[in-house]
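Peer 1: Sharing a structure with you now.
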Amino acid sequence: MSYVLEFFLGYTLPRISNFHNGCTKFQDLQQIGLRLSYGKCSAVQKCKKIRFLRQALNLELIDHADLLSFPNEAEACDGRETDILPYVQTVRNFPEEELIGKVVMVRLDLTIVLREQKKQQSPAARVISTIKYLHKAGAKLVLLSSWSLRADSRLLKLEYVAELLSSELELKVIPVELGSGFEQSLREDKHKSSILLLENLSQFKQEQANCSEFARRLSSGVDIFVNDAFFQSHKILASNVGITGFCYASIAGFHFDEQMSQLKKIIEMNKRPYFAIVGGNLAGKAAALLFLASRCDGLVFVGDAAFQIMHAFGLPVPMELVEQESLEAARVLVEAAKARGVQIILPKDFWCLNDYYPSRMKIFPANRIIDGWKPVDVGPNTLEEMISVLSRCKKILWIGAVKFSSSHQESAGASKLASMLYNLSQMNCDLIVVGKQACETFIGRSRHVTADMIENASIVWEFLKGRKLHGLLALDRAYPFKLNWDALYANTTLPLVVDVGSGNGLFLTRMAKMRKDWNFLGLERNEKLVRRCLDHVSQSGMTNGYVLSSLRNCYIRYAHD
Numbered sequence: 060m061s062y063v064l065e066f067f068l069g070y071t072l073p074r075i076s077n078f079h080n081g082c083t084k085f086q087d088l089q090q091i092g093l094r095l096s097y098g099k100c101s102a103v104q105k106c107k108k109i110r111f112l113r114q115a116l117n118l119e120l121i122d123h124a125d126l127l128s129f130p131n132e133a134e135a136c137d138g139r140e141t142d143i144l145p146y147v148q149t150v151r152n153f154p155e156e157e158l159i160g161k162v163v164m165v166r167l168d169l170t171i172v173l174r175e176q177k178k179q180q181s182p183a184a185r186v187i188s189t190i191k192y193l194h195k196a197g198a199k200l201v202l203l204s205s206w207s208l209r210a211d212s213r214l215l216k217l218e219y220v221a222e223l224l225s226s227e228l229e230l231k232v233i234p235v236e237l238g239s240g241f242e243q244s245l246r247e248d249k250h251k252s253s254i255l256l257l258e259n260l261s262q263f264k265q266e267q268a269n270c271s272e273f274a275r276r277l278s279s280g281v282d283i284f285v286n287d288a289f290f291q292s293h294k295i296l297a298s299n300v301g302i303t304g305f306c307y308a309s310i311a312g313f314h315f316d317e318q319m320s321q322l323k324k325i326i327e328m329n330k331r332p333y334f335a336i337v338g339g340n341l342a343g344k345a346a347a348l349l350f351l352a353s354r355c356d357g358l359v360f361v362g363d364a365a366f367q368i369m370h371a372f373g374l375p376v377p378m379e380l381v382e383q384e385s386l387e388a389a390r391v392l393v394e395a396a397k398a399r400g401v402q403i404i405l406p407k408d409f410w411c412l413n414d415y416y417p418s419r420m421k422i423f424p425a426n427r428i429i430d431g432w433k434p435v436d437v438g439p440n441t442l443e444e445m446i447s448v449l450s451r452c453k454k455i456l457w458i459g460a461v462k463f464s465s466s467h468q469e470s471a472g473a474s475k476l477a478s479m480l481y482n483l484s485q486m487n488c489d490l491i492v493v494g495k496q497a498c499e500t501f502i503g504r505s506r507h508v509t510a511d512m513i514e515n516a517s518i519v520w521e522f523l524k525g526r527k528l529h530g531l532l533a534l535d536r537a538y539p540f541k542l543n544w545d546a547l548y549a550n551t552t553l554p555l556v557v558d559v560g561s562g563n564g565l566f567l568t569r570m571a572k573m574r575k576d577w578n579f580l581g582l583e584r585n586e587k588l589v590r591r592c593l594d595h596v597s598q599s600g601m602t603n604g605y606v607l608s609s610l611r612n613c614y615i616r617y618a619h620d
């Protein structure tokens, strides 16, 4: 039998992962889209009466194709995408009216904002747009970041950083120190339009330790947390993980959302052939490359990683170029690629530098590099083969630098590769560029950006290894699909009663018959019971009742078009 929560109206709810069996009434269906997905346990204090019971709820929509129209569910149910890249709440979808008068803390990567050119689609521009959007919506903003002091000693002064930000944002930014001064500034400036900037987080050891007390201090007086520091999301920090436990809503900013979308594109197999160009070394990347081998039609190895793969194929390689710790990983990768029929492209020749005469360069075949010469760049035959193979691709991932450890400058081969990839991106080929050097090389050779670019390669490698992105997982969840309310209910303006743990549906169907002035939605783990209820709903012609299945670790966001 279903348990019933006391009905309540018009209040922000705990986020859905904290829900428990029971029944909840909403004033109308549109409130579902605005209320159900946002907020955490602290928001319970705003509710009139809630009775919690024991079993937490995870939700997934069952396949009831007649009433619901979804995108490709096969892509949405990919294990790595849903487990490591879950659907989270974003500023873009957060109700704007919920921001008015709220104190919103924005975690950003200040280094991006201060050093980048502010092109329209650049990470810096997206971060700035997050801040300006929240400010325009009427939120009181507190900015939170860490930044390096090596580039400019003037960054030691918080006042100087605040002045730089004021110039970039064209808004007044006031520097404040953490502690009683911060709380006082919040109280004094609650209704003013200025933006507060907290001091550099890198000077606090508690930040790296994800100290709960430190996170509580950071969030003092804060209502909503916005994470726009995507490049820090593979780390467990007080400012991206711990802080979410003290704010009633934790959502992603525009930059975070965009980078997350680009990360998802890497694992999508929507276009074939799909090849990956892998640069850098092989150490510590075995799991990531095995995953790429499971997704891609071919792998092109450049840089130091190429020698490890060549050695695994039994090709002669100078021993000083072999990473002993990577031999087993290279062997396993080659076997996995062969088993799946994944094509592996290796360098045919190299430009090599003489150890004794650094100005002398010579081309050597890949399997006949003589002593006293070190490879510094891929040769012309290698580039020719790469261009021939990649020109047939519909999707390309370029991750890592096209250079070798013995080379200290950008290679000519990288520039030629970037030019070729730019031309392909103009011809219906999806291109994803990952890594600072690869992005800089591509931008330098292209007239305008035609690729998805992720400058921080570390977070991509962590994702491909299957590691959790803790800063992402700490955000409030959303469901990737929308319910077609008009197909489910005859009158979508009626109040909605949500029966959490609806069981065999007897309570729900009886109530739906008794109260024609309400709509009812049941949520149940047992899929067989759900299908039985749906059959009953269909046969009885009921127009104010429906049931969903609660399975796996997905979350649902209700929205009314």
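Residue numbers (this note's numbering): 60 to 620. Positions of the beta carbon are idealized from the N, C-alpha and C atoms, including for glycine. Source: prediction; values computed, not measured.
Could you check if Asp-489 is buried or exposed, using at least 16 other CB atoms within 10 Å of its CB as the buried criterion?
Peer 2: Taking the first residue of the sequence shown as 1, we reach residue 489 at position 430. Buried.
Peer 1: Could you name the residues that DSSP lists as bridge partners for Phe-284?
Peer 2: As a working note, residue 284 is residue 225 in the sequence shown. DSSP, once it has assigned bridges, lists Met-164 and Ser-309 as partnering Phe-284.
Peer 1: Rounded C-beta distance between Gln-318 and Ile-513? I'm assuming under 8 Å.
Peer 2: In the sequence shown, the residue the question calls residue 318 occupies position 259. In the sequence shown, the residue the question calls residue 513 occupies position 454. About 6 Å separates the two Cβ atoms, so the contact holds.
Peer 1: For the beta strand (DSSP E) holding Gly-581, just list the boundary residues, first then last.
Peer 2: Translated into the one-based positions of the sequence shown, residue 581 becomes position 522. 578 to 583 is the span of the beta strand (DSSP E), which, as asked, contains Gly-581.
Peer 1: By DSSP's criteria, Ile-491 is part of a beta bridge. Which residues make up the other side?
Peer 2: Within the sequence shown, the letter at position 432 stands for residue 491. In the DSSP output, where bridge partners are listed per residue, Ile-491 has Leu-456 and Asp-511.
Peer 1: From Ser-309 to Asp-408, what does the alpha carbon distance come to, in whole angstroms?
Peer 2: By 1-based counting over the sequence shown, the position of residue 309 is 250. By 1-based counting over the sequence shown, the position of residue 408 is 349. Answer to the nearest angstrom: the Cα atoms are 51 Å apart.
Peer 1: Beta carbon of Lys-454, beta carbon of Phe-334: below 9 Å?
Peer 2: Counted from its first residue, the sequence shown places residue 454 at position 395. Counted from its first residue, the sequence shown places residue 334 at position 275. Yes, the pair counts as a contact, with Cβ atoms nearer than the cut-off.
Peer 1: State the start and end residues of the unbroken alpha helix (DSSP H) segment that holds Pro-182.
Peer 2: Along the sequence shown, one-based indexing puts residue 182 at 123. Segment 182 to 195, the alpha helix (DSSP H) holding Pro-182.
Peer 1: If you drop the 5 nearest sequence neighbours on each side, which residues of the same chain put their C-beta closer than 8 Å to that of Asp-363?
Peer 2: As a first step, residue 363 must be located in the sequence shown, where it is residue number 304. Gly-339, Asn-340, Leu-341, Leu-380, Glu-382, Phe-463 and Ser-464.
Peer 1: With DSSP run on the structure shown, which of helix, strand or coil describes Arg-536?
Peer 2: Working through the sequence shown from its first residue, we reach residue 536 at position 477. DSSP places Arg-536 in strand when its eight states are reduced to three.
Peer 1: In or out: Ile-322 buried (at least 16 other Cβ within 10 Å) or exposed?
Peer 2: For the purposes of this step, residue 322 is taken as the residue at position 263 of the sequence shown. The sequence given here places Leu at residue 322; Ile does not occur at that position. Its Cβ being crowded by 16 or more others within 10 Å, Leu-322 is buried.
Peer 1: Assign Glu-182 to one of two classes, buried (16 or more other C-beta atoms within 10 Å of its C-beta) or exposed (fewer than that).
Peer 2: Looking up residue 182 in the sequence shown gives position 123. Note on identity: in this sequence residue 182 is Pro, with Glu being the wrong assignment. Looking at its Cβ environment, which holds 16 or more other Cβ atoms inside 10 Å, Pro-182 is buried.
Peer 1: Do you know how far the Cα of Pro-332 is from the Cα of Ile-502?
Peer 2: What you label residue 502 is simply residue 443 of the sequence shown in a count that begins at 1. What you label residue 332 is simply residue 273 of the sequence shown in a count that begins at 1. So the alpha carbons of these two residues sit roughly 24 Å apart.
Peer 1: Look at the alpha carbon of Asp-594 and the alpha carbon of Ile-326, and state the distance between them as a whole number of angstroms.
Peer 2: Working through the sequence shown from its first residue, we reach residue 594 at position 535. Working through the sequence shown from its first residue, we reach residue 326 at position 267. Spanning the two alpha carbons is a distance of roughly 37 Å.
Peer 1: Around the Cβ of Gln-367, are there at least 16 other Cβ atoms within 10 angstroms (buried) or fewer (exposed)?
Peer 2: If you number the sequence shown from 1, residue 367 lands on position 308. Burial call: buried.
Peer 1: Using 8 Å as the threshold, is the stretch 577 to 597 in touch with the stretch 556 to 564, meaning 3 or more CB pairs across them?
Peer 2: yes
Peer 1: Grouping DSSP H, G and I as helix and E and B as strand, with all else coil, what is Trp-206?
Peer 2: In the sequence shown, residue 206 corresponds to position 147, counting from 1. If DSSP states are grouped into helix, strand and coil, Trp-206 belongs with coil.
Peer 1: Straight-line CA distance for Ile-295 to Ala-533?
Peer 2: The sequence position of residue 295 within the sequence shown is 236, counting from 1. The sequence position of residue 533 within the sequence shown is 474, counting from 1. In a straight line, the C-alpha of Ile-295 is about 10 Å away from that of Ala-533.
Peer 1: When DSSP labels each residue in this structure, what does Asp-644 get in the three-state scheme?
Peer 2: Lying outside 60 to 620, the shown extent of the chain, residue 644 is not represented and no answer is given.
Peer 1: By how many angstroms is the C-alpha of Val-589 removed from the C-alpha of Leu-607?
Peer 2: For the purposes of this step, residue 607 is taken as residue 548 along the sequence shown, with counting starting at 1. For the purposes of this step, residue 589 is taken as residue 530 along the sequence shown, with counting starting at 1. Cα to Cα, Leu-607 sits roughly 7 Å from Val-589.
Peer 1: Short of 7 Å in beta carbon distance, which residues of its chain neighbour Ile-171, apart from the five on each side in sequence? Order them along the chain.
Peer 2: The residue you call residue 171 lines up with position 112 of the sequence shown. Excluding residues within five positions, the ones whose Cβ falls inside 7 Å are Pro-182, Ala-183 and Val-186.
Peer 1: When the Cα atoms are used, what is the spatial distance from Gly-604 to Ser-597?
Peer 2: In the sequence shown, the residue the question calls residue 604 occupies position 545. In the sequence shown, the residue the question calls residue 597 occupies position 538. The alpha-carbon atoms of Gly-604 and Ser-597 are separated by roughly 10 Å.
Peer 1: What did DSSP end up calling Pro-439 once you bin it into helix, strand or coil?
Peer 2: Within the sequence shown, numbered from 1, the residue matching residue 439 stands at position 380. Reduced to three states, the DSSP call for Pro-439 is helix.
Peer 1: On a Cα-Cα basis, can you pick out the residue from Ser-212, Ala-497 and Leu-348 that is closest to Ser-385?
Peer 2: Counted from its first residue, the sequence shown places residue 385 at position 326. The option with the nearest alpha carbon to Ser-385 is Leu-348.
Peer 1: Is the CB-CB distance between Leu-358 and Val-300 below 9 Å?
Peer 2: If you number the sequence shown from 1, residue 358 lands on position 299. If you number the sequence shown from 1, residue 300 lands on position 241. Contact: no.
Peer 1: Answer with buried or exposed for Gly-494, where buried requires no fewer than 16 other C-beta atoms within 10 angstroms of its C-beta.
Peer 2: Position 435 of the sequence shown, counted from the start, is the residue given in the question as residue 494. Buried, since its Cβ has 16 or more Cβ neighbours within 10 Å.
Peer 1: Under three-state DSSP, which class holds Val-172?
Peer 2: For the purposes of this step, residue 172 is taken as the residue at position 113 of the sequence shown. If DSSP states are grouped into helix, strand and coil, Val-172 belongs with the helices.
Peer 1: Starting from the Cα of Glu-272, find the closest Cα among Gln-496, Phe-305 and Ala-311 and give me that residue.
Peer 2: By one-based count along the sequence shown, residue 272 stands at place 213. The candidate whose alpha carbon is nearest that of Glu-272 is Phe-305.
Peer 1: Could you please give the first and the last residue of the uninterrupted beta strand (DSSP E) stretch that includes Asp-408?
Peer 2: Here residue 408 is taken as the residue at index 349 of the sequence shown, counted from 1. Element bounds for Asp-408: 408 to 413.
Peer 1: With distances taken from CA atoms, which of Ser-447, Ala-345 and Leu-476 is nearest Val-437?
Peer 2: In the sequence shown, the residue the question calls residue 437 occupies position 378. Comparing Cα-Cα distances from Val-437 to each of Ser-447, Ala-345 and Leu-476, the minimum goes to Leu-476.
Peer 1: Less than 9 Å between the beta carbons of Ile-458 and Val-337, yes or no?
Peer 2: In the sequence shown, counting from the first residue as 1, residue 458 sits at position 399. In the sequence shown, counting from the first residue as 1, residue 337 sits at position 278. Taking 9 Å as the cut-off, the beta carbon of Ile-458 is found closer than this to the beta carbon of Val-337.
Peer 1: Mind checking whether Phe-289 and Asp-168 have CB atoms under 9 Å apart?
Peer 2: Translated into positions along the sequence shown, residue 289 becomes position 230. Translated into positions along the sequence shown, residue 168 becomes position 109. Contact flag set, yes.
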